[in-house]
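Q: In terms of the numbering used here, the sequence shown is residues 18 to 224.
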Amino acid sequence: MKESNRLKENLTDSEFNIKGECAISLLLTKLDIINIDLSRKIGRNVIQMRYGRMKTYESTCKKLKKKNLEKTFSAAVENLTDLIGVRAICSYVDDIYKVAGILEKQKDIRLLRVKDYIDAPKKSGYQSLHLILEIPISFQEGIQWMKVELQLRTAAMDYWANLDHQLRYKKGKKEAKLIDEELRQCAEEVGKLDRKMMEIRKKIDKI
Ligand code: 0O2
């Protein structure tokens, strides 16, 4: 079988796919428990929305090409951290770090890497906190640690990232360059707005 076909098969209809979906379910449940626990303690929702997805074959190929890697399943598993991904939209910036801190302390989670694009936004203006985690899934043949990328962001960061994502498909076009700069400026506004909203919430908390 051609390597690219094997990659497609492994990503779409295979044991890896099933295990990946299990890892997503487990992390989503962990996030729900954190949200229930925190909202009981502080009287408001900390996580507004969360969802997971397996990276598509097309997106995996694109990323392998971008990174100059072979189009094989082993290259994908070894080098891409977001084949299995979960995203959580948090209410405020400090909630993001609260959720991350709780997850990091859990004994059945391994934290492999933190990418803090809130503290240091990407050149594009992109902001989010990424945690590369390993989650144990118990199967009949034993425990398997699955790598999952968790992206934590506010609703404003998400709003920005979704529009930026649309622009990324139009990169290379003349008009895209100008919009790129406009979006980068918007990212700064998003950062300012998030910080201001958090300050106001803290003032309200004190009343
Ligand atoms: P998609 O379609 O969302 O899955 P590296 O750490 O550089 O070796 P990688 O994986 O490129 O490897 O890291 P990075 O930059 O942390 O990107 C991981 C994911 O974060 C991306 O996955 C996006 O989901 C998101 N992301 C990163 N930068 C941007 C950005 O500038 N704009 C937007 N909208 N999202 C971004 P994918 O596979 O690129 O995309």
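Glycine included, C-beta positions come from ideal geometry on N, C-alpha and C.
In the DSSP assignment, find the unbroken beta strand (DSSP E) run with Tyr68 in it and report its ends.
A: Within the sequence shown, residue 68 is the residue found at index 51, counting from 1. 64-71 is the extent of the beta strand (DSSP E) around Tyr68.
Q: Going by alpha carbons, who is nearest to Phe11 out of Lys115, Ala105, Thr29, Val103?
A: Not covered by the structure: residue 11. The range shown for the chain is 18 to 224.
Q: Determine the closest residue to Ser56 out of Lys115, Glu206, Cys203, with distance taken between C-alpha atoms.
A: Numbered from 1 along the sequence shown, position 39 holds the residue referred to as residue 56. Comparing Cα-Cα distances from Ser56 to each of Lys115, Glu206, Cys203, the minimum goes to Lys115.
Q: Helix, strand or coil: how does DSSP classify Arg23 here?
A: Numbered from its first residue, the sequence shown carries residue 23 at position 6. Note: Arg23 maps to helix in three-state DSSP.
Q: Considering Ile149, what are the terminal residues of the beta strand (DSSP E) in which it resides?
A: Your numbering for residue 149 matches position 132 in the sequence shown. First-last of the beta strand (DSSP E) with Ile149: 146-156.
Q: State the Cα-Cα distance for the pair Asn96 and Gly69, rounded to the nearest angstrom.
A: On the sequence shown, position 79 is the one that residue 96 refers to. On the sequence shown, position 52 is the one that residue 69 refers to. The straight-line gap from Cα to Cα measures roughly 20 Å.
Q: Could you round the C-beta distance between Arg130 and Ile149 to whole angstroms and report it? I think they count as a contact, below 8 Å.
A: The sequence position of residue 130 within the sequence shown is 113, counting from 1. The sequence position of residue 149 within the sequence shown is 132, counting from 1. Between Ile149 and Arg130 the Cβ distance is about 4 Å, and since that is below 8 Å, they are a contact.
Q: With hydrogens ignored, establish whether the beta-carbon of Lys47 is closer than 7 Å to any heavy atom of the ligand 0O2.
A: For the purposes of this step, residue 47 is identified with residue 30 of the sequence shown, where counting begins at 1. Not so, every heavy atom of the ligand 0O2 lies at least 7 Å from the Cβ.
Q: May I ask you to check if the CB of Tyr143 is nearer than 7 Å to at least one heavy atom of the ligand 0O2?
A: The residue you call residue 143 lines up with position 126 of the sequence shown. For the ligand 0O2, at least one heavy atom lies less than 7 Å from the Cβ of Tyr143.
Q: Write down the C-beta distance between Gln168 and Val207 rounded to the nearest angstrom, noting that I regard them as a contact closer than 8 Å.
A: Start at 1 with the first residue of the sequence shown, and residue 168 comes out as number 151. Start at 1 with the first residue of the sequence shown, and residue 207 comes out as number 190. So it is not a contact: roughly 15 Å between Cβ atoms.
Q: Please determine, among Lys191, Ile41, Arg201, Asn62, the residue with the shortest C-alpha to C-alpha distance to Tyr109.
A: Here residue 109 corresponds to residue number 92 of the sequence shown, with the count starting at 1. Of Lys191, Ile41, Arg201, Asn62, the residue nearest in Cα terms is Asn62.
Q: Going by the CB atoms, is the gap between Thr77 and Leu44 shorter than 8 Å?
A: Along the sequence shown, read from residue 1 onward, the residue named residue 44 stands at position 27. Along the sequence shown, read from residue 1 onward, the residue named residue 77 stands at position 60. Their beta carbons are not under 8 Å apart, which means Leu44 does not touch Thr77 by this criterion.
Q: Quick check for students: name the residue ranges of the alpha helix (DSSP H) that lie wholly in the stretch 56-123, counting only runs of 4 or more.
A: 74-83, 90-96, 110-122
Q: Determine contact between the stretch 185-203 and the stretch 117-132, defined as no fewer than three beta-carbon pairs at a distance below 8 Å.
A: Not touching, per the Cβ criterion.
Q: Considering only heavy atoms of the ligand 0O2, does any lie closer than 7 Å to the CB of Lys191?
A: Position 174 of the sequence shown, counted from the first residue, corresponds to residue 191. Flag unset: Cβ of Lys191 not near the ligand 0O2.
Q: How long is the line joining the alpha carbons of Gly60 and Asn52, rounded to whole angstroms?
A: Within the sequence shown, residue 60 is the residue found at index 43, counting from 1. Within the sequence shown, residue 52 is the residue found at index 35, counting from 1. Taking the straight line from one Cα to the other gives about 11 Å.
Q: Name the residue from Ser141, Glu75, Leu146, Asp133 whose alpha carbon lies nearest to the alpha carbon of Cys12.
A: Residue 12 lies beyond the range of the chain shown here (18 to 224); nothing can be said about it.
Q: Unbroken beta strand (DSSP E) runs of length 3 or more, entirely within the stretch 131-219: which are they?
A: 146-156, 159-171, all fully within the stretch 131-219.
Q: I'd like the list of long-range same chain contacts for Lys132, defined as Cβ closer than 7 Å, with 5 residues on each side in sequence excluded.
A: Locating residue 132 in the sequence shown gives position 115, where the first residue counts as 1. So the qualifying residues of the chain are His147.
Q: Can you tell me the Cα-Cα spacing of Gly102 and Glu20, whole angstroms?
A: Taking the first residue of the sequence shown as position 1, residue 102 is located at position 85. Taking the first residue of the sequence shown as position 1, residue 20 is located at position 3. Between Gly102 and Glu20, the C-alpha separation is close to 24 Å.
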